[in-house]
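Encoded as structure tokens, the structure appears first; notes follow it.
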Amino acid sequence: MTTSASREVVLRLTGITKRYGKLVANKDIGFALHEGEVLALLGENGAGKTTLMNILFGHYTADSGSVEVFGQALPPGSPSASLAAGLGMVHQHFTLAENMTVLENVILGTRPLWHAGLGIAAATERLDALAREFGLSVRLDARIKALSVGERQRVEILKALYRDARILILDEPTAVLTPQESEALFDTLRKAVARGLSVIFISHKLHEVMAISERVVVLRHGRLVGEVATRDTDRHRLAEMMVGAEVALPEAEVRAPGGTLFELRAASTPAEGRRVGLDRVNLLLRERRITGIAGVSGNGQGALADLIGGLVTPGSGEMIVNGAAVTDWSPRASLDAGVGRIPEDRHSLGSVADFTLTENAVLERYNVAPFSRAGIMDWAAARSHAEEIIADYDVRCPGPDTRIRLLSGGNMQKLILGRVMEAGPRIILANQPVRGLDIGALTYVQKRLIAARDAGAAVVLISEDLDEILALSDVVHVMSEGRLSPEFPRGAMTPAELGVWMAGQGFDHAA
Amino acid sequence: MRLEPVASRTLARTLGLPALALALTTLVASVLVMLAGADPFAALGLILDGALGSKFAVLETLNRATPLIFTGLAITVAFKARLWNIGAEAQLYAGALATVLVGTQLGLPGALALPAMAIAAVLAGALVLLGPVLLKVRLGVDEVVTTLLFNFIMLLFVSMMLEGPMKDPMGMGWPKSESLPPDARLPRIVEGLRLHWGFGLALLAAVGVWFIQVRTTLGFEIRAVGQNPDAAGFAGIPVNRVFLKTALLSGGLAALAGFSEVAGLKGNLTLDLSPGFGYTGIIVAMLALLHPLGVIVSAIFVAGVFVGADSMSRAAEVPTYIADISLATALLFMVLALLLTRFNIVRG
Chain A
0 MTTSASREVV LRLTGITKRY GKLVANKDIG FALHEGEVLA LLGENGAGKT TLMNILFGHY
60 TADSGSVEVF GQALPPGSPS ASLAAGLGMV HQHFTLAENM TVLENVILGT RPLWHAGLGI
120 AAATERLDAL AREFGLSVRL DARIKALSVG ERQRVEILKA LYRDARILIL DEPTAVLTPQ
180 ESEALFDTLR KAVARGLSVI FISHKLHEVM AISERVVVLR HGRLVGEVAT RDTDRHRLAE
240 MMVGAEVALP EAEVRAPGGT LFELRAASTP AEGRRVGLDR VNLLLRERRI TGIAGVSGNG
300 QGALADLIGG LVTPGSGEMI VNGAAVTDWS PRASLDAGVG RIPEDRHSLG SVADFTLTEN
360 AVLERYNVAP FSRAGIMDWA AARSHAEEII ADYDVRCPGP DTRIRLLSGG NMQKLILGRV
420 MEAGPRIILA NQPVRGLDIG ALTYVQKRLI AARDAGAAVV LISEDLDEIL ALSDVVHVMS
480 EGRLSPEFPR GAMTPAELGV WMAGQGFDHA A
Chain B
0 MRLEPVASRT LARTLGLPAL ALALTTLVAS VLVMLAGADP FAALGLILDG ALGSKFAVLE
60 TLNRATPLIF TGLAITVAFK ARLWNIGAEA QLYAGALATV LVGTQLGLPG ALALPAMAIA
120 AVLAGALVLL GPVLLKVRLG VDEVVTTLLF NFIMLLFVSM MLEGPMKDPM GMGWPKSESL
180 PPDARLPRIV EGLRLHWGFG LALLAAVGVW FIQVRTTLGF EIRAVGQNPD AAGFAGIPVN
240 RVFLKTALLS GGLAALAGFS EVAGLKGNLT LDLSPGFGYT GIIVAMLALL HPLGVIVSAI
300 FVAGVFVGAD SMSRAAEVPT YIADISLATA LLFMVLALLL TRFNIVRG
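Sequence lines, in order, name chains A and B.
Quick note: the first sequence uses numbering that gives the first Met the number 0, first residue 0, plus one each step.
Quick note: the second sequence uses numbering that gives the first Met the number 0, first residue 0, plus one each step.
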């Protein structure tokens, strides 16, 4: 293998800067991509990776700096120029027409409107060849809505290849894949670079970066903080570069669990539109135990969280909370039963953006003493409660009268965590509690969850990040298409074995 | 182009932009006055004189502001919950109808009559808004459409009543109700001057609404539901029940405008009781940025424009609709100015 430095530069970014008001999303970023290499763009959420790629792809215009593709300057702010220059992007959220076939999606927009005939036969032949060459097996006449997430991603890659992309950019491509699907994707990428294509692989998952990339570029707070050859580094050093400090992830020791606080027996909930419902789920939440729910996103985790949180009631089956079968279930009933809820979407469900920290701190308990008496609010009590949470949970903010919309995601999450924990919950629903948080806030939230578990709470942790589930959970379930696997004790299953369940195999009934 | 929040607001910006809005409004109004063939400077003087130039003028302005405070508060309460009550006009007439019925038919003694009329009016207005809101909560019917259409239904209903069962036999054939007996009238605040206690009641209502909004759990619920119904529901706030409570409050406040106009000013019910107080209440509430105490100020401002323009149009012989256009212009400029005190417009 030749070293990347000796190969031709296909893409060069120079001095890219992008500001949004006071926020600097990208500051003077420059690096080069060589022919036939996989370059990993590593950084935490909010480090500026997506902004940078959107500039590259012409969705945004940089305030300063330039982009060169194959030696030619790329005109800024023009997606069509980027496409024509040979850039192909696979977004986190796919851009496919659901009611059309794979073939139609791929050729969509590649033919002029006034051109008679679509050249279906030629396109089919070419796509079959591409699919074989790159290991992208997918049926061309299948409609997109019938495809799994992994297959849809393959269609996106095929689409880029069909348009003669020479540079593939993949934005967090493994977030929606099982471990097995990720491996297949890596095979495709290896085949692509072997044929002279170049790949930018955007991720914050260190083991994937180590597995697939040749070089790594690290972004932090919008700045380029490091550029290393992958073989000269390791996960530990990359993590340090990414967060700017040594990282110690919390380790949870197993505790002896206590009594059952919450139980589902063959509980089902109806599907809502494209959202998967629960399918005969059995679940036991016990004191002093963290129950991890793994699975590819969109496989019923939302329905499970809504059920525990009180937003939906079981359509069939039984729900037993604190020893009694539940008949009347609502968010209020869930709170009254001692369930503390950390919602997946802290912006739209967990907080009211234009309310102050004080108001958000009492959002779930505004109607009880000491925060109100006989319908009259006691704002002094509410404010001091908010001050306590701010101090105890390390919420960085100007003060309790600040509107919560001005806080970063991590600080917002700490306030919500404080609100939940200070209510003394016996059951804690943590749905994607650390998504989008920086490592500091992430470890903090995880430590608090472990501490709550040690203090006797039954914690249910829903996450798409298998590593997080494995690090924290005492028992693990896997969700697939609304079904829940049996519980596996800590350490009983390897990630690959769990991946088989994530792909929908092993369940005793069909979805 | 997009909006970017202003990092720190300066005093010049906070006061200057609204002042600029008023100046621009004056400019637009002046052009209209010129087109109507009058001298704009003289017209402006006539407006100010007509609205504030004498004790009589000031009291007339406050009288006109009274129903606007009530409807402005009704809109404020509803809009805070993002409940789009466009039907304050219907609720006003429902209140007026109930006021007249209780005041003329029950023969209650003076001390009982007025409270009974007020309560009946509040209940009637609340019920009128409850219907559309129940449809919204149960069936997801858009309340903008239903409350708006209710205005016409209610006006036709009042017309039917005034032409039929409630027609004053002594009314020389005019469609008007019987007059209230003297002790069922709201007294004057100062004997001999035209300002009645409806104005005092309106100020009290504004303070009451302000208290509800900032100090009660109901106010907290209303604001939470208005800002983010999903988060409110998730936090255990009964969203639908909050909408129903808001409807009762809003409808009741709008109905008090009808009560106050009938019992304080007119003494009977006619079809021209309200020249659109229910709709103007929307302007009043928006200009006040949905602040209950601000409603008092903006209602007096809007009333002053109407009273002043009425008087100007008589003296300068220009049409009164200039007042309507000026107010609409004032609203647009003011909303834009208030937006620009908080945001910068940036390109890209």
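For glycine and all other residues, C-beta sits at the position ideal for the given N, C-alpha and C.
Local Cβ density within 10 Å of residue i, reported as buried at 16 or more and exposed below that
i	result
B:Met116	buried
A:His203	buried
B:Val127	buried
B:Asp38	exposed
A:Gly374	exposed
B:Leu202	exposed
A:His476	buried
A:Thr94	exposed
A:Trp500	buried
A:Thr1	Because the pLDDT at A:Thr1 is just 46, under 50, the model does not fix this residue reliably, and the point stays unresolved.
A:Ile438	buried
Within chain A, the residues that residue i reaches when beta carbons sit closer than 7 Å
i	result
B:Glu3	Gly20
Contacts that residue i makes with chain B (C-beta to C-beta distance below 9 Å)
i	result
A:Tyr365	Thr216, Phe219, Glu220, Ala223, Ala234, Ile236
A:Leu334	Ala234, Gly235
A:Pro342	Ala230, Phe233
Cβ of residue i within 7 Å of any chain B Cβ
i	result
A:Ile375	yes
A:Pro424	no
A:Arg274	no
A:Pro399	no
A:Pro78	no
A:Leu414	no
A:Pro74	no
A:Asp473	no
A:Met0	Unreliable positioning characterises A:Met0 in this predicted model, as indicated by a pLDDT of 44, which lies under 50. A coordinate reading is not provided.
A:Pro330	yes
A:Leu55	no
A:Leu362	yes
Below-7 Å beta-carbon distance, residue i vs any chain A residue
i	result
B:Asn150	no
B:Glu59	no
B:Asn239	no
B:Asn62	no
B:Gln226	yes
DSSP three-state assignment for residue i, whether helix, strand or coil
i	result
A:His206	helix
B:Arg240	helix
A:Leu146	coil
B:Ile188	coil
A:Leu483	strand
A:Ile341	strand
A:Ala491	coil
B:Gly293	helix
A:Gly299	coil
B:Thr269	strand
B:Phe342	strand
Closer than 8 Å at the beta carbon, the chain B residues around residue i
i	result
A:Gly349	Ala230, Phe233
A:Gly308	Phe233
Chain B contact residues for residue i, given Cβ-Cβ distances below 7 Å
i	result
A:Ser371	Thr216
A:Leu428	Under the 7 Å cutoff, chain B gives no residues; its nearest Cβ is about 11 Å from A:Leu428.
Proximal residues of chain A, C-beta to C-beta of residue i below 9 Å
i	result
B:Asn267	Near B:Asn267 there are no residues of chain A at all, since even the closest Cβ is about 39 Å away, more than 9 Å.
Residue i at chain D interface by Cβ criterion, 7 Å
i	result
A:Asp353	Of the chains in the structure shown, none is chain D; the protein chains are A and B.
Proximity test, residue i beta-carbon vs the ligand NAP heavy atom, cut-off 6 Å
i	result
A:Leu102	In the structure shown, the ligand NAP is absent, as is every other ligand, since no ligand is present at all.
Mind pulling the beta strand (DSSP E) runs of 3 or more residues that sit fully within the region 163-200 of chain A?
166-170
If we require 4 or more residues per run, which alpha helix (DSSP H) segments fall completely within the region 111-171 of chain B?
142-162
Q. Which runs of the beta strand (DSSP E) fall wholly inside the region 404-474 of chain A and span at least 3 residues, in chain order?
A. Listed in chain order, the beta strand (DSSP E) runs fully inside the region 404-474 of chain A are 426-430, 457-461, counting runs of at least 3 residues.
Output the residue ranges of the alpha helix (DSSP H) runs that lie fully inside the region 9-47 of chain A and measure 4 residues or longer, sorted by chain position. DSSP runs (the alpha helix (DSSP H)) wholly in the region 9-47 of chain A: none.
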